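A short worksheet on the structure shown next.
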Amino acid sequence: MEEKGLGLPPSYDAAHGVSNPTFDTIYSPPMSEPTVSPPYYGYSQPAYGNVVSQQPMVNYTQVTTVPDNMTLAILSLLCCWPLGIAAIMKASDSRAALARNDIPTALADANDAKRYSCLGIGFGVFSIVVTVIILVVVFTSLNIYSY
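Number 131 in my numbering belongs to position 131 of the sequence shown; there are no gaps in the numbering.
And the structure:
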(Lines of atoms letter the chains of each structure in order from A and count residues from 1; the text may use other names and numbers.)
(Lines give C-alpha, C1' and ligand atoms only; values in the text may rest on other atoms or scores of the structure.)
Protein backbone atom coordinates (compact mmCIF):
# COMPACT_ATOMS: atom_id res chain seq x y z
CA MET A 1 0.00 0.00 0.00
CA GLU A 2 1.15 3.38 -0.81
CA GLU A 3 0.65 6.06 1.78
CA LYS A 4 -0.16 9.55 0.77
CA GLY A 5 1.93 12.45 1.92
CA LEU A 6 5.27 10.65 2.32
CA GLY A 7 6.92 12.31 -0.64
CA LEU A 8 8.43 15.75 -0.73
CA PRO A 9 5.95 18.56 -0.72
CA PRO A 10 5.69 20.62 -3.88
CA SER A 11 7.94 23.65 -3.92
CA TYR A 12 6.43 27.06 -3.39
CA ASP A 13 7.92 28.36 -6.60
CA ALA A 14 6.41 25.61 -8.72
CA ALA A 15 3.03 25.85 -7.01
CA HIS A 16 2.75 29.61 -7.62
CA GLY A 17 4.37 29.87 -10.98
CA VAL A 18 7.63 31.46 -9.85
CA SER A 19 10.84 30.30 -11.45
CA ASN A 20 13.99 29.56 -9.51
CA PRO A 21 16.38 32.52 -9.36
CA THR A 22 19.65 32.11 -11.15
CA PHE A 23 23.08 33.40 -10.26
CA ASP A 24 22.71 36.34 -12.65
CA THR A 25 19.53 37.57 -11.01
CA ILE A 26 20.92 37.28 -7.47
CA TYR A 27 24.36 38.77 -8.06
CA SER A 28 24.62 42.18 -9.61
CA PRO A 29 28.04 43.64 -10.36
CA PRO A 30 29.11 46.68 -8.30
CA MET A 31 28.13 50.07 -9.60
CA SER A 32 30.71 52.30 -11.18
CA GLU A 33 29.94 55.24 -8.89
CA PRO A 34 29.16 55.01 -5.19
CA THR A 35 25.70 55.99 -4.17
CA VAL A 36 24.72 57.65 -0.93
CA SER A 37 21.72 56.38 0.97
CA PRO A 38 19.12 58.87 2.16
CA PRO A 39 20.00 60.62 5.43
CA TYR A 40 18.90 59.04 8.70
CA TYR A 41 18.15 61.42 11.54
CA GLY A 42 20.47 64.10 10.23
CA TYR A 43 23.34 61.73 9.41
CA SER A 44 24.03 60.39 5.97
CA GLN A 45 25.25 56.88 5.35
CA PRO A 46 28.69 56.77 3.73
CA ALA A 47 29.18 55.20 0.32
CA TYR A 48 29.70 51.43 -0.03
CA GLY A 49 27.99 50.87 3.32
CA ASN A 50 31.10 51.45 5.45
CA VAL A 51 30.19 53.03 8.75
CA VAL A 52 33.02 54.63 10.66
CA SER A 53 32.36 55.64 14.23
CA GLN A 54 34.62 56.74 17.03
CA GLN A 55 34.12 55.94 20.66
CA PRO A 56 33.74 58.92 22.98
CA MET A 57 36.96 59.62 24.81
CA VAL A 58 37.53 60.97 28.29
CA ASN A 59 39.99 63.83 28.43
CA TYR A 60 42.06 64.12 31.55
CA THR A 61 43.71 67.43 32.26
CA GLN A 62 46.61 67.72 34.61
CA VAL A 63 46.64 70.68 36.96
CA THR A 64 50.03 72.35 36.98
CA THR A 65 49.26 75.70 38.58
CA VAL A 66 47.13 76.56 41.57
CA PRO A 67 45.98 80.09 42.43
CA ASP A 68 47.24 80.68 45.96
CA ASN A 69 44.89 83.67 46.65
CA MET A 70 47.63 85.69 48.36
CA THR A 71 46.28 89.01 47.05
CA LEU A 72 42.83 88.25 48.40
CA ALA A 73 44.39 87.23 51.74
CA ILE A 74 46.25 90.54 52.02
CA LEU A 75 43.05 92.43 51.21
CA SER A 76 41.21 90.50 53.92
CA LEU A 77 43.99 91.42 56.35
CA LEU A 78 42.93 95.05 55.93
CA CYS A 79 39.28 94.24 56.67
CA CYS A 80 39.57 91.72 59.52
CA TRP A 81 43.10 91.04 60.73
CA PRO A 82 42.54 87.71 62.57
CA LEU A 83 40.97 86.04 59.55
CA GLY A 84 43.42 87.86 57.27
CA ILE A 85 46.40 86.35 59.11
CA ALA A 86 44.88 82.86 58.84
CA ALA A 87 44.25 83.45 55.12
CA ILE A 88 47.85 84.60 54.55
CA MET A 89 49.17 81.52 56.36
CA LYS A 90 47.02 79.20 54.21
CA ALA A 91 48.04 81.02 51.03
CA SER A 92 51.68 80.65 52.04
CA ASP A 93 51.14 76.93 52.71
CA SER A 94 49.55 76.63 49.27
CA ARG A 95 52.63 78.20 47.64
CA ALA A 96 54.92 75.84 49.55
CA ALA A 97 52.86 72.78 48.55
CA LEU A 98 52.91 73.88 44.92
CA ALA A 99 56.69 74.32 45.08
CA ARG A 100 57.08 70.68 46.17
CA ASN A 101 54.57 69.54 43.48
CA ASP A 102 51.93 68.45 45.99
CA ILE A 103 48.92 69.53 43.93
CA PRO A 104 46.09 68.15 46.14
CA THR A 105 47.47 69.84 49.26
CA ALA A 106 48.05 73.06 47.31
CA LEU A 107 44.44 73.01 46.09
CA ALA A 108 43.09 72.35 49.58
CA ASP A 109 45.19 75.13 51.14
CA ALA A 110 44.24 77.54 48.34
CA ASN A 111 40.55 76.80 48.93
CA ASP A 112 41.01 77.36 52.68
CA ALA A 113 42.83 80.64 52.00
CA LYS A 114 40.00 81.77 49.75
CA ARG A 115 37.40 80.78 52.35
CA TYR A 116 39.19 82.65 55.15
CA SER A 117 39.72 85.67 52.90
CA CYS A 118 36.07 85.85 51.89
CA LEU A 119 34.95 85.45 55.49
CA GLY A 120 37.38 88.18 56.59
CA ILE A 121 36.25 90.58 53.87
CA GLY A 122 32.60 89.83 54.60
CA PHE A 123 33.07 90.34 58.34
CA GLY A 124 35.06 93.53 57.72
CA VAL A 125 32.42 95.01 55.40
CA PHE A 126 29.67 94.01 57.83
CA SER A 127 31.47 95.63 60.78
CA ILE A 128 32.12 98.83 58.79
CA VAL A 129 28.44 99.08 57.78
CA VAL A 130 27.28 98.48 61.35
CA THR A 131 29.77 101.07 62.66
CA VAL A 132 28.59 103.68 60.15
CA ILE A 133 24.94 103.02 61.04
CA ILE A 134 25.68 103.35 64.77
CA LEU A 135 27.60 106.59 64.23
CA VAL A 136 24.81 108.06 62.11
CA VAL A 137 22.21 107.16 64.73
CA VAL A 138 24.32 108.55 67.60
CA PHE A 139 25.20 111.83 65.88
CA THR A 140 21.67 112.47 64.63
CA SER A 141 20.21 111.87 68.08
CA LEU A 142 22.55 114.38 69.78
CA ASN A 143 21.07 117.77 70.29
CA ILE A 144 24.17 119.90 69.76
CA TYR A 145 22.20 122.95 68.61
CA SER A 146 20.36 123.51 71.85
CA TYR A 147 20.28 127.08 73.21
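By construction, the Cβ of each residue, glycine as well, lies at the ideal position given by its N, Cα and C atoms. Note that this is a predicted model, so its numbers are computed, not measured.
{"Asked": "Contact under 7 Å by Cβ, aspartate 109 with alanine 97", "Found": "yes"}
{"Asked": "Boundaries (first-last residue) of the alpha helix (DSSP H) holding tyrosine 116", "Found": "103-141"}
{"Asked": "Integer-rounded CB distance, given that isoleucine 74 should sit under 8 Å from isoleucine 88", "Found": "7 Å"}
{"Asked": "C-alpha distance - leucine 107 paired with valine 58, whole-angstrom precision", "Found": "23 Å"}
{"Asked": "Buried versus exposed, by CB contacts within 10 Å (16 or more), serine 141", "Found": "exposed"}
{"Asked": "Helix, strand or coil at proline 82 according to DSSP, with G and I counted as helix", "Found": "helix"}
{"Asked": "7 Å Cβ cutoff met for arginine 95 and aspartate 112", "Found": "no"}
{"Asked": "Where aspartate 68 falls: helix, strand or coil (DSSP)", "Found": "coil"}
{"Asked": "Separation of valine 129 from tyrosine 116, as counted between CA atoms", "Found": "20 Å"}
{"Asked": "Local conformation of isoleucine 144 per DSSP, three classes", "Found": "coil"}
{"Asked": "Backbone secondary structure at arginine 100 - three-state DSSP", "Found": "coil"}
{"Asked": "For cysteine 80 and glycine 124, the rounded distance between their alpha carbons", "Found": "5 Å"}
{"Asked": "Proximity below 7 Å, CB of serine 76 to CB of glycine 120", "Found": "yes"}
{"Asked": "Own chain residues within Cβ distance below 6 Å of leucine 72, not counting five before or after", "Found": "Ser117"}
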